[in-house]
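These notes are about the structure you will find just below.
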Amino acid sequence: MKQLLYRYNPWWDNDFNALDEILKRDENFEFLKSNIENKQVVFLTGLRRIGKTSLMKLCIRYLINEKEIAPKNILYISMDDFLLSGKTIIDVIEEYKTIHKIKHNEKVFLFLDEITFVEQY
């Protein structure tokens, strides 16, 4: 899973090219920017291909470039990746924390994309 996490988070290796190619979405980004550090969970919902992932990556670029957050303190993952089948969000976060030796009280920013909710009866 380590290789997969690094593939989704190229900024861990100081590769910021993926963040430079993102289209601006100013109106929605301003709302997210005002909520990004208040310890709240923000859900982005909407139709496919309207820019939810781009908004998340704009936030990541903002955190790294303007808020000077260490790249290792930012995790982005698309939970619909077939390589994660059978893994829970907790599994992914624990692996991330292990890779970077993240302490319990250390502030991190999690961007979880393509989360599907399944009801079990």
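Quick note on the numbering used here: the sequence shown kicks off at 4 and runs consecutively.
Where a beta carbon is used, it is the ideal one built from N, C-alpha and C, also for glycine.
Taking all protein chains shown into account, do 16 or more other C-beta atoms lie within 10 angstroms of the C-beta of residue i, making it buried, or fewer, making it exposed?
i: Tyr79; result: buried
i: Val44; result: exposed
i: Glu9; result: The displayed chain sequence assigns Tyr, not Glu, to residue 9. Result: exposed.
i: Ile63; result: buried
i: Phe3; result: The question about residue 3 has no answer here: the residues shown for the chain are numbered 4 through 124.
i: Leu58; result: buried
Using alpha carbons as the reference points, say which of the options lies closest to residue i.
i: Asn17; options: Ile72, Thr48, Asn31; result: Ile72
i: Lys70; options: Thr119, Leu50, Leu7, Ser37; result: Ser37
i: Pro74; options: Phe120, Val111, Glu98; result: Val111
Compute the distance between the beta-carbons of residue i and residue j, then report whether it is under 7 Å.
i: Ser81; j: Glu117; result: yes
i: Leu61; j: Ile77; result: no
Following the continuous alpha helix (DSSP H) through residue i, name the residue where it begins and the one where it ends.
i: Asp23; result: 20-23
Query - Ordered list of alpha helix (DSSP H) runs contained in the region 43-123, each at least 4 residues - result: 55-68, 92-103
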